[in-house]
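Below is one structure, written out as structure tokens; the observations come after it.
2 protein chains.
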Amino acid sequence: MGAEGHADGTVGKALDVLDMVASHGRPVRFSDLLAQSDYPKATLYRLLQTLTHQGMLALDPDQGTYALGVRLVRLAHAAWAQSSLAPIARPYLDELAAKTGETIHLAQMDLGQVLYVDKRNAARPVEMFAQAGKVGPAYCTGVGKAMLAWATPEALEQALARQSFHRHTDQTLDTPEKLVAELQAIRARGHAFDREEHEKGIICCAVPILTRSGRVLGALSVTSTTARTTLAALEDQAGLTKDIAARIAAEAESWRFPEQS
Amino acid sequence: MGAEGHADGTVGKALDVLDMVASHGRPVRFSDLLAQSDYPKATLYRLLQTLTHQGMLALDPDQGTYALGVRLVRLAHAAWAQSSLAPIARPYLDELAAKTGETIHLAQMDLGQVLYVDKRNAARPVEMFAQAGKVGPAYCTGVGKAMLAWATPEALEQALARQSFHRHTDQTLDTPEKLVAELQAIRARGHAFDREEHEKGIICCAVPILTRSGRVLGALSVTSTTARTTLAALEDQAGLTKDIAARIAAEAESWRFPEQS
DNA sequence: CCGTTTGGTTCCATTATTTGAAACTTAGTC
DNA sequence: GACTAAGTTTCAAATAATGGAACCAAACGG
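Chains as they are written, first to last, in my numbering: chain A, 2 to 262; chain B, 2 to 262.
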């Protein structure tokens, strides 16, 4: 984990530290962070101090532990409302969940990884942050492949470099070559499948959410299990899913520029 | 330097820019940001580029606008789960809401401002300012005053310096002196009131959430309107509210150090 | 009780990054 | 085709970050 690609500048390092604190999932002591990172003591210290002073981290003086700060929660609120597709897509996800009766995922791309920003479990809708924020691999999930298939060449290249190509199941596409070939097929077909590539028994059919100009905003998937259904049955829902994706895209675009005059 | 207090180092400036983008509530053009900040063109440009490269901002190439990035949502997930009292407090808020039938707010302090981290609406909800994820002033809200009343001298001083003391209503405490006097009364009494100091017709009774060592973790308020109830009636709930606050504090403390030999 | 370790904080000369005025490159107008 | 507005790049000077080492404090061990 220490080897974060190219942490440009001080800001990159600071954000790297932020991620490090976040990844622990609980307040961390200075020395834990020091052991984990390969920053020198003084450097890490000042980085932490700056972040704390900025409210991005909070130092618990009783325990000498660092936790993520409230300023992050505030920014998060804005990010959620503004940048993510989730608030726009909410009613559409409800509709799709109701019509298909299956689990629905809404995902966006985050530096080569898939970020699930919203979800509907076949039964019940969930709280804001409870589901948002989970990340997963791009190369072996339906939503990931759907987004990669329509990514720009540069974005694709960057993303490919960040994939681990770990062989989760015996269906996993475990080389860039296999993946690129699959992406072409997906583009031709218009939707992506997950053929138990990430988790045994889990299958899905995913479509990209595209602007009119063809840029990828995110992806939408209908997920189920081999026990309950088949890929062919899921594919029957692809038309509906694409329709929903198009409506989300349309609303996302109009929502972002209400001052068109 | 500019209007922003003390933006130490490059990281501070970058976060400042992040806030600036967040505050717009919608994607912003470079030139808008340039006009708003007093950073020189090139500086702001590189700052934005760094943040974008780091995934904290997202540049919409179609429109040339910047929005908050998905990495922020991911961090938010961690922040929400880890740093905020919200996940711990959730069941207690439910209980308090059920027993009082009024609106409940859970807040924490964010650089001199009040951050509402969770909320329960009354059976008959009232339109008001506070919302989860939103920030508000400290000097004229119940939760704000409750937290300030038990803040350390240093924290109080810093916070005071950041208050605007804008006179929202004719009940607003509009000078540091009045506020400090009120804080003393609050400490003596054990809970804070909001006597329509922020919004006309809105009253509340708030208590701090304190660790055993006396450190402020947050505050909890029971809020209503003058039309529906009185301060005295709200004060009757203070005991219950304090009890809930104590239970939240206890759980927050034990939750943070499960590895206690 | 004192020497030692552990965990955290500060110094400061060196080094590398950031800075920002100005020059430049596009797109878009008239 | 000249003129503008908006965004991008350059480069020497200014500034901030760096990190080895020294320092401090509290806990530990004999």
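For glycine and all other residues, C-beta sits at the position ideal for the given N, C-alpha and C.
Legend entry - Contacting residues, own chain, Cβ-Cβ under 6 Å from V115 of chain A (five flanking each side not counted): As a working note, residue 115 of chain A is residue 114 in the first sequence. For V115 of chain A, where only same-chain residues beyond five positions count, the Cβ hits under 6 Å are A108, G137, A139, T142, V144 and G145.
Inset, instruction - Note down, in chain order, all residues in the segment 72-87 of chain B with a beta-carbon under 9 Å from any beta-carbon belonging to chain A. - result: Flagged, chain order: R72, L73, V74, R75, L76, A77, H78, A79, A80, W81, A82, Q83, S84, S85 and A87.
Inset, instruction - Counting only the same chain and skipping the five closest in sequence on each side, list residues whose C-beta sits under 6 Å from that of H199 of chain B. - result: To locate residue 199 of chain B, count along the second sequence from 1; it is residue 198. Hits under 6 Å: C141, T142 and H169.
Legend entry - Identity of the residue in A:R188, A:R27, A:S222 and A:Q185 nearest I204 of chain A by Cα: Taking the first residue of the first sequence as 1, we reach residue 204 of chain A at position 203. Measuring from the Cα of I204 of chain A, the nearest candidate turns out to be A:S222.
Inset, instruction - Within its chain, find whatever has a CB closer than 7 Å to the CB of L149 of chain A; leave out the 5 residues flanking it on each side and keep chain order. - result: To locate residue 149 of chain A, count along the first sequence from 1; it is residue 148. Once the five neighbours on either side are set aside, the close Cβ partners of L149 of chain A are A139, L157, A160 and L184.
Legend entry - Boundaries (first-last residue) of the beta strand (DSSP E) holding R196 of chain B: Taking the first residue of the second sequence as 1, we reach residue 196 of chain B at position 195. For R196 of chain B, the uninterrupted beta strand (DSSP E) segment begins and ends at A193 to R196.
Inset, instruction - Return the CA-CA distance between V118 of chain A and L76 of chain A, expressed in angstroms with no decimal places. - result: Position 117 of the first sequence, counted from the start, is the residue given in the question as residue 118 of chain A. Position 75 of the first sequence, counted from the start, is the residue given in the question as residue 76 of chain A. Computed Cα separation, rounded: 16 Å.
Legend entry - Residues of the segment 15-36 of chain A whose Cβ lies closer than 7 Å to any Cβ of chain B, in chain order: A15, L16, L19, A23, G26, R27 and P28
Inset, instruction - Report yes if the C-beta distance between T224 of chain B and T104 of chain B is below 8 Å; otherwise report no. - result: As a working mapping, residue 224 of chain B is identified with position 223 in the second sequence. As a working mapping, residue 104 of chain B is identified with position 103 in the second sequence. Closer than 8 Å, so yes.
Inset, instruction - Mind the definition here: the segment 87-105 of chain B touches the segment 31-43 of chain A only if three or more C-beta pairs lie below 8 Å; say whether that holds. - result: No, the segment 87-105 of chain B is not in contact with the segment 31-43 of chain A.
Inset, instruction - Report the rounded CA-to-CA distance for T182 of chain B versus V12 of chain B, giving the unit in angstroms. - result: Residue 182 of chain B sits at position 181 when you count from the first residue of the second sequence. Residue 12 of chain B sits at position 11 when you count from the first residue of the second sequence. A small correction: the amino acid at residue 182 of chain B is Ala; Thr does not occupy that position in the sequence shown. Their Cα atoms are separated by approximately 37 Å.
Inset, instruction - Say whether chain A places a C-beta atom closer than 8 Å to the C-beta of S214 of chain B. - result: Within the second sequence, numbered from 1, the residue matching residue 214 of chain B stands at position 213. It does; some Cβ of chain A falls within 8 Å.
Legend entry - DSSP bridge partner residues for Q159 of chain B (one or two, in chain order): Position 158 of the second sequence, counted from the first residue, corresponds to residue 159 of chain B. Among the bridge pairs identified by DSSP, Q159 of chain B is matched with none.
Inset, instruction - Please list the partners that T104 of chain A has in chain B, where partner means a Cβ-to-Cβ separation under 7 Å. - result: Along the first sequence, read from residue 1 onward, the residue named residue 104 of chain A stands at position 103. The contacting residues do not exist; T104 of chain A stays about 19 Å from chain B at best.
Legend entry - For A108 of chain B, the three-state DSSP class (helix, strand or coil): Counting from one through the second sequence, the residue named residue 108 of chain B turns up at place 107. Correct three-state label for A108 of chain B: strand.
Legend entry - P62 of chain A versus I245 of chain B - alpha carbon distance: If you number the first sequence from 1, residue 62 of chain A lands on position 61. If you number the second sequence from 1, residue 245 of chain B lands on position 244. Using only the alpha carbons, I get a separation of about 24 Å.
Legend entry - C-alpha gap between A250 of chain A and F194 of chain A, whole angstroms: As a first step, residue 250 of chain A must be located in the first sequence, where it is residue number 249. As a first step, residue 194 of chain A must be located in the first sequence, where it is residue number 193. Straight-line Cα distance between these residues: approximately 21 Å.
Inset, instruction - For P88 of chain B, I'd like the list of residues in its chain whose CB is within less than 8 Å of its CB, leaving aside the five on either flank, ordered along the chain. - result: Translated into the one-based positions of the second sequence, residue 88 of chain B becomes position 87. Closer than 8 Å at Cβ, skipping near neighbours: W81 and A82.
Legend entry - Coarse secondary structure for F130 of chain A, derived from DSSP in three states: Taking the first sequence and counting its residues from 1, one reaches residue 130 of chain A at position 129. Because the pLDDT of F130 of chain A is 47, which lies under 50, any placement of that residue in the model is unreliable, and the number read from its coordinates should be weighed accordingly. Taken through DSSP and simplified to helix, strand or coil, F130 of chain A comes out as helix.
Legend entry - chain B within 8 Å of V181 of chain A, Cβ atoms only: Numbered from 1 along the first sequence, position 180 holds the residue referred to as residue 181 of chain A. Cβ-Cβ to chain B under 8 Å: no for V181 of chain A.
Legend entry - Option in B:A23, B:T44 and B:H106 with minimal Cα separation from T66 of chain B: Translated into positions along the second sequence, residue 66 of chain B becomes position 65. T66 of chain B has its Cα closest to that of B:A23, out of B:A23, B:T44 and B:H106.
Inset, instruction - Please go through the same chain and pick out, in chain order, the residues whose beta-carbon is closer than 7 Å to the beta-carbon of D175 of chain A, but skip the five residues on each side of it. - result: Mapped onto the first sequence, residue 175 of chain A falls at position 174. Correct list, in chain order: F166 and R168.
Legend entry - Classification of S214 of chain B by the beta-carbon crowding that lies within 10 angstroms, buried from 16 upward: Locating residue 214 of chain B in the second sequence gives position 213, where the first residue counts as 1. Classification for S214 of chain B: exposed.
Inset, instruction - Figure out for me which residue from A:V217, A:A147, A:T153 and A:T173 has the closest Cα to the Cα of A186 of chain A. - result: Along the first sequence, read from residue 1 onward, the residue named residue 186 of chain A stands at position 185. Considering only alpha carbons, the answer is A:A147.
Legend entry - Ranges of the beta strand (DSSP E) found wholly within the segment 28-80 of chain A, counting only runs of at least 3: 58-61 and 66-69
Inset, instruction - With a 10 Å radius around its C-beta and 16 neighbouring C-beta atoms as the bar for buried, classify L19 of chain B as buried or exposed. - result: The residue labelled residue 19 of chain B in the question sits at position 18 within the second sequence. Classification of L19 of chain B: buried, given that the 10 Å Cβ count is 16 or more.
Inset, instruction - Would you identify the three-state DSSP class for R168 of chain B, choosing helix, strand or coil? - result: Within the second sequence, the letter at position 167 stands for residue 168 of chain B. Coil.
Inset, instruction - Starting from Y140 of chain B, follow the beta strand (DSSP E) in both directions and report where the run begins and ends. - result: Here residue 140 of chain B is taken as the residue at index 139 of the second sequence, counted from 1. Here Y140 of chain B belongs to no beta strand (DSSP E), and DSSP marks it neither H nor E.
Inset, instruction - Indicate whether G202 of chain A and A228 of chain A have their beta-carbon atoms separated by less than 8 Å. - result: Counting from one through the first sequence, the residue named residue 202 of chain A turns up at place 201. Counting from one through the first sequence, the residue named residue 228 of chain A turns up at place 227. Yes, Cβ-Cβ distance for G202 of chain A and A228 of chain A is below 8 Å.
Inset, instruction - Could you work out which residues of chain B lie near V265 of chain A, taking near to mean beta carbons separated by less than 7 Å? - result: With chain A running from 2 to 262 in the structure shown, residue 265 of chain A is simply not present.
Inset, instruction - Since I believe A15 of chain B is in contact with T44 of chain B (beta carbons under 8 Å), could you give me their beta-carbon distance rounded to a whole number of angstroms? - result: In the second sequence, residue 44 of chain B corresponds to position 43, counting from 1. In the second sequence, residue 15 of chain B corresponds to position 14, counting from 1. Contact doesn't hold; Cβ gap of about 11 Å is too wide.
Inset, instruction - Tell me, please, whether the CB atom of A68 of chain A is closer than 8 Å to any CB atom in chain B? - result: The count along the first sequence starts at 1 and reaches residue 68 of chain A at position 67. Yes, contact with chain B.
Legend entry - Distance between beta carbons of W151 of chain A and P92 of chain A, contact taken as under 8 Å: As a position in the first sequence, residue 92 of chain A is number 91, starting the count at 1. As a position in the first sequence, residue 151 of chain A is number 150, starting the count at 1. In fact, because the Cβ distance is near 24 Å, the residues do not count as touching under 8 Å.
Inset, instruction - Could you spell out where the beta strand (DSSP E) holding D119 of chain A opens and where it closes? - result: As a working note, residue 119 of chain A is residue 118 in the first sequence. Here the beta strand (DSSP E) through D119 of chain A covers Q114 to R121.
Legend entry - Identity of the residue in B:E155, B:R196, B:L60 and B:L112 nearest R163 of chain B by Cα: In the second sequence, residue 163 of chain B corresponds to position 162, counting from 1. Ranking B:E155, B:R196, B:L60 and B:L112 by Cα distance to R163 of chain B puts B:L112 first.
Legend entry - Beta-bridge pairing of A221 of chain A - partner residues as DSSP gives them: Along the first sequence, one-based indexing puts residue 221 of chain A at 220. At residue 221 of chain A the sequence reads Leu, which differs from the Ala that was named. Answer is A:L107 and A:V208.
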